[in-house]
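Student: Residue numbers (our numbering), protein chains in the order written: chain A, 6 to 278; chain B, 7 to 343. One structure, pasted below without further comment.
This is the structure:
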């Protein structure tokens, strides 16, 4: 059976419908970006007033861009961490795995379901900052810095790439974890490393050239694709089903199955596709 | 159950008469020496049986006997460690997993519905995964089949357990499966909901769908299944419930008289066809016989001739539960669980 966009679409639609009906998920998607919107607003309207020297403006705007890029990292981390282990906990994964859906389709559908809203929210937050700055900021240097082409392009480019990284790391952890709480904590931590690079750039520790930015973006893109393939290879139907069953009831056999471990060791690919 | 346009519905149901194996079509399931071993633990071993198309096949066994693992193995979710099988005519290999899953449906004990989605939205997901072309029509037919059309737009969280099981069955009908695996479909249901699910399974049988039913409810298996298999890590017995009874138990007549017989030895030992007898209470007797239909009248005549006031004479029927308990009690592995 070949890769089916129809099956991928069915998974994606289900994910989006579930978000729409979950106050917790909607809350996470709204509150987190709001928190990271407050600080940039304070910076733009109060800290970077008209009398602030240009160097301070650069630093302040750098910090603002960093905060804006935290949203596409943290929102997917929380959502992706739930994606597999959450379904296992609520007993919906097993019926899903009994269908002909390929693991690549299932995982990509879930990943798109995480990345799409996270990126959309990031862009909305970025747009709010830009519009507010243009309309109300008193310091023209701030408006100018925020409107610089490289900054805008970087924001637009890096938001989906960082969201992709964070999503795949989250799904990988969710595939291996046996508890949602553990998965969410680990996923949040594991999604942060790329932000270190962004932080170095934002705080002018080193000035990125176009080539460096492009290399970083390409690196993230390659990492996203590699992670997709890697997570798909790690997605072992048998381990997921047996682990899930062991949590609910014995699956059979002579010896009583022990309690499922908090972390299910991941083994090679699911040969059943 | 409403009539549906599924391909199995046109199957020759006369061949699926209870207790008979349909023979004209290739089997829906063939399992040969199948086994699954987890690290240091045997889930099931050396299991062999076949299930004909249109047959309702009961799979019984105590907790931990390996029933669910067998279903998951045949459903390609777990790879077997020994033996071979073909499911819906397709050899059970790693490569054939998606193709087999496309031809079967598995309803786990917990139907696993997305509770925040409506009934229709749940079915839309699975219709998409099965790449159904006329998904709206298909979903409508499946809902009608389980009498859930009126609840199509209800959130699953608002449904009772019985209704959720029905949604699970509707979901299992979506891809018109060649084999439907139902794992404890009536577990935890009240008697009314249980009867509804049983009616649905009967409806499937009447339409020629092959059903592989694992259950703890022996009376349910006896009522619904053409044949049953009793598993306790290894397969202990396979056959129609009546045949299993005859294999394990001698047939008997239970006689009750108003007063105890003065000379029961003379009455029973002198009657042709009575192999042995034993008292059962003050004025009751259990006679071991081979053919109750022919021997009951002879016993009645002998009792009347002996001047006994006969209250009742009936055949003692062993239930499937008796068969099951007899097998499991003899089984040292079961007592260790």
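All residues carry an ideal CB built from backbone N, CA and C; glycine is no exception. Just so it is clear, the structure is predicted and the values come from calculations on it, not from any experiment.
Would a check of beta-carbon distances place residue 294 (chain B) closer than 9 Å to chain A?
Tutor: Within the second chain, numbered from 1, the residue matching residue 294 (chain B) stands at position 288. Judged by the 9 Å Cβ criterion, residue 294 (chain B) is not in contact with chain A.
Student: Does the ligand PLP have a heavy atom nearer than 8 Å to the CB of residue 68 (chain B)?
Tutor: The ligand PLP is absent from the structure shown, which contains no ligands of any kind.
Student: Give me whichever residues DSSP pairs with residue 176 (chain A) in a beta bridge.
Tutor: Within the first chain, residue 176 (chain A) is the residue found at index 171, counting from 1. In DSSP, residue 176 (chain A) forms no bridge with anything.
Student: For residue 323 (chain B), count neighbouring Cβ atoms within 10 angstroms of its own Cβ and tell me buried if that reaches 16, exposed if not.
Tutor: Stepping through the second chain from its first residue, residue 323 (chain B) is reached at position 317. Looking at its Cβ environment, which holds fewer than 16 other Cβ atoms inside 10 Å, residue 323 (chain B) is exposed.
Student: Residue 113 (chain B) bridges to which residues according to DSSP?
Tutor: As a working note, residue 113 (chain B) is residue 107 in the second chain. Looking at the DSSP assignment, residue 113 (chain B) forms a beta bridge with B:188.
Student: Output the boundary residues of the alpha helix (DSSP H) element that contains residue 127 (chain A).
Tutor: Position 122 of the first chain, counted from the first residue, corresponds to residue 127 (chain A). Segment 108-141, the alpha helix (DSSP H) holding residue 127 (chain A).
Student: Per DSSP, what kind of secondary structure is residue 245 (chain B) in: helix, strand or coil?
Tutor: In the second chain, counting from the first residue as 1, residue 245 (chain B) sits at position 239. In the structure shown, residue 245 (chain B) falls within a strand segment according to DSSP collapsed to helix, strand and coil.
Student: Leaving aside the five residues before and after residue 144 (chain B) along the sequence, list all residues of the same chain whose C-beta is less than 7 Å from its C-beta, in chain order.
Tutor: As a working note, residue 144 (chain B) is residue 138 in the second chain. The beta carbon of residue 144 (chain B) sits closer than 7 Å to the beta carbons of 133, 138 and 180 from its chain, once the five residues preceding and following it are set aside; these are given in chain order.
Student: State whether the stretch 133-140 of chain A contacts the stretch 46-56 of chain A, with contact taken as three or more CB pairs (one from each stretch) at a distance under 8 Å.
Tutor: Taking a cut-off of 8 Å on C-beta distances, the stretch 133-140 of chain A touches the stretch 46-56 of chain A, as three or more cross pairs fall below it.
Student: When DSSP builds the beta bridges, which residues end up paired with residue 77 (chain B)?
Tutor: Taking the first residue of the second chain as 1, we reach residue 77 (chain B) at position 71. Looking at the DSSP assignment, residue 77 (chain B) forms no beta bridge with any residue, so it has no partner.
Student: For the beta strand (DSSP E) containing residue 48 (chain B), list its first residue and its last residue.
Tutor: Here residue 48 (chain B) refers to the residue found at position 42 of the second chain. Looking at the DSSP string, the run of the beta strand (DSSP E) that includes residue 48 (chain B) is 47-57.
Student: Taking the CB atoms as reference points, tell me whether residue 227 (chain B) and residue 237 (chain B) lie closer together than 9 Å.
Tutor: Numbered from its first residue, the second chain carries residue 227 (chain B) at position 221. Numbered from its first residue, the second chain carries residue 237 (chain B) at position 231. It is not a contact, given that the beta carbons lie outside the stated cut-off.
Student: Please identify the residue among A:190, A:173 and A:163 whose C-alpha is closest to the C-alpha of residue 202 (chain A).
Tutor: Mapped onto the first chain, residue 202 (chain A) falls at position 197. Comparing Cα-Cα distances from residue 202 (chain A) to each of A:190, A:173 and A:163, the minimum goes to A:163.
Student: Taking just the CA atoms, how far does residue 240 (chain B) sit from residue 334 (chain B)?
Tutor: For this step, residue 334 (chain B) is matched to residue 328 along the second chain. For this step, residue 240 (chain B) is matched to residue 234 along the second chain. Roughly 12 Å between the two C-alpha positions.
Student: Buried or exposed for residue 48 (chain B), please, with buried defined as at least 16 other CB atoms from any protein chain shown within 10 angstroms of its CB.
Tutor: Position 42 of the second chain, counting from 1, holds the residue named residue 48 (chain B). Buried is the call here.
Student: Name the DSSP beta bridge partners of residue 5 (chain B), please?
Tutor: Residue 5 (chain B) lies beyond the stretch modelled for chain B, which goes from 7 to 343, so this question has no answer here.
Student: Please confirm if residue 8 (chain A) has its CB atom under 9 Å from at least one CB of chain B.
Tutor: Along the first chain, read from residue 1 onward, the residue named residue 8 (chain A) stands at position 3. No, no contact with chain B.
Student: Are there three or more Cβ pairs, one per stretch, closer than 8 Å when the stretch 228-245 of chain A is compared with the stretch 169-178 of chain A?
Tutor: Contact between the stretch 228-245 of chain A and the stretch 169-178 of chain A is present: 3 or more CB-CB pairs across the two stretches fall below 8 Å.
Student: Residues in the stretch 133-158 of chain B with C-beta within 9 Å of chain A's C-beta atoms, listed in sequence order?
Tutor: 133, 134, 135, 136 and 137
Student: Please name the residue or residues paired with residue 294 (chain B) in a DSSP beta bridge.
Tutor: Here residue 294 (chain B) corresponds to residue number 288 of the second chain, with the count starting at 1. Residue 294 (chain B) pairs with B:258 and B:282.
Student: Quick one: Cα of residue 190 (chain B) to Cα of residue 221 (chain B), how far?
Tutor: Sequence index remark: in the second chain, residue 190 (chain B) carries index 184 (1-based). Sequence index remark: in the second chain, residue 221 (chain B) carries index 215 (1-based). Cα to Cα, residue 190 (chain B) sits roughly 5 Å from residue 221 (chain B).
Student: What in chain B is Cβ-close to residue 14 (chain A), meaning under 9 Å?
Tutor: Counting from 1 along the first chain, the entry for residue 14 (chain A) is found at position 9. Per Cβ cutoff of 9 Å: 134.
Student: Any idea if residue 162 (chain B) is buried or exposed, counting beta-carbon neighbours within 10 angstroms, 16 or more meaning buried?
Tutor: To locate residue 162 (chain B), count along the second chain from 1; it is residue 156. Buried, because 16 or more other Cβ atoms sit within 10 Å of the Cβ of residue 162 (chain B).
Student: Would you tell me roughly how many angstroms separate the C-alpha atoms of residue 305 (chain B) and residue 290 (chain B), rounded to the nearest one?
Tutor: As a working note, residue 305 (chain B) is residue 299 in the second chain. As a working note, residue 290 (chain B) is residue 284 in the second chain. Approximately 14 Å between the Cα atoms of the pair.
Student: Could you give the DSSP three-state label for residue 194 (chain A): helix, strand or coil?
Tutor: By one-based count along the first chain, residue 194 (chain A) stands at place 189. It is helical.
Student: Counting only Cβ pairs nearer than 7 Å, list the residues of chain B close to residue 103 (chain A).
Tutor: To locate residue 103 (chain A), count along the first chain from 1; it is residue 98. Ordered by position in chain B, the residues that pass the 7 Å Cβ test against residue 103 (chain A) are 81, 83, 107 and 112.
Student: Go ahead and label residue 116 (chain B) buried or exposed: buried means 16 or more other beta carbons lie within 10 angstroms of its beta carbon, across all protein chains shown.
Tutor: Taking the second chain and counting its residues from 1, one reaches residue 116 (chain B) at position 110. Taking all protein chains shown into account, residue 116 (chain B) has 16 or more neighbouring C-beta atoms within 10 Å of its C-beta and is therefore buried.
Student: Roughly how many angstroms separate the alpha carbons of residue 7 (chain A) and residue 57 (chain A), rounded to a whole number?
Tutor: The sequence position of residue 7 (chain A) within the first chain is 2, counting from 1. The sequence position of residue 57 (chain A) within the first chain is 52, counting from 1. Computed Cα separation, rounded: 60 Å.
Student: Can you give me the C-alpha to C-alpha distance between residue 187 (chain A) and residue 232 (chain B), rounded to a whole angstrom?
Tutor: The sequence position of residue 187 (chain A) within the first chain is 182, counting from 1. The sequence position of residue 232 (chain B) within the second chain is 226, counting from 1. Spanning the two alpha carbons is a distance of roughly 47 Å.
Student: Reducing DSSP to helix, strand and coil, say where residue 266 (chain B) ends up.
Tutor: Residue numbering aside, residue 266 (chain B) sits at position 260 when the second chain is read from its first letter. Three-state DSSP puts residue 266 (chain B) in coil, outside helix and strand.
Student: Where does the unbroken alpha helix (DSSP H) through residue 64 (chain A) begin, and where does it stop?
Tutor: For the purposes of this step, residue 64 (chain A) is identified with residue 59 of the first chain, where counting begins at 1. Its alpha helix (DSSP H) spans residues 59-88.
Student: Among B:136, B:204, B:130 and B:184, which one has its Cα closest to the Cα of residue 158 (chain B)?
Tutor: The sequence position of residue 158 (chain B) within the second chain is 152, counting from 1. Residue 158 (chain B) has its Cα closest to that of B:130, out of B:136, B:204, B:130 and B:184.
Student: Look up residue 61 (chain B) in the DSSP assignment and say whether it is helix, strand or coil.
Tutor: The count along the second chain starts at 1 and reaches residue 61 (chain B) at position 55. Of the three classes helix, strand and coil, the one that applies to residue 61 (chain B) here is coil, per DSSP.
Student: Among the residues of its own chain, which have a CB less than 6 Å from the CB of residue 84 (chain A), if the five just before and after it don't count?
Tutor: For the purposes of this step, residue 84 (chain A) is taken as residue 79 along the first chain, with counting starting at 1. Result list for residue 84 (chain A): 119, in chain order.
Student: Going along the chain, which residues of its own chain have a beta-carbon closer than 8 Å to the beta-carbon of residue 207 (chain B), five neighbours each way excluded?
Tutor: Reading the second chain from its first residue, position 201 is the one you call residue 207 (chain B). The residues are 62, 188, 191, 217, 219 and 230.
Student: Nearest chain E C-beta to residue 117 (chain B) closer than 9 Å, yes or no?
Tutor: Going by chain labels, chain E is absent from the structure shown, which instead holds the protein chains A and B.
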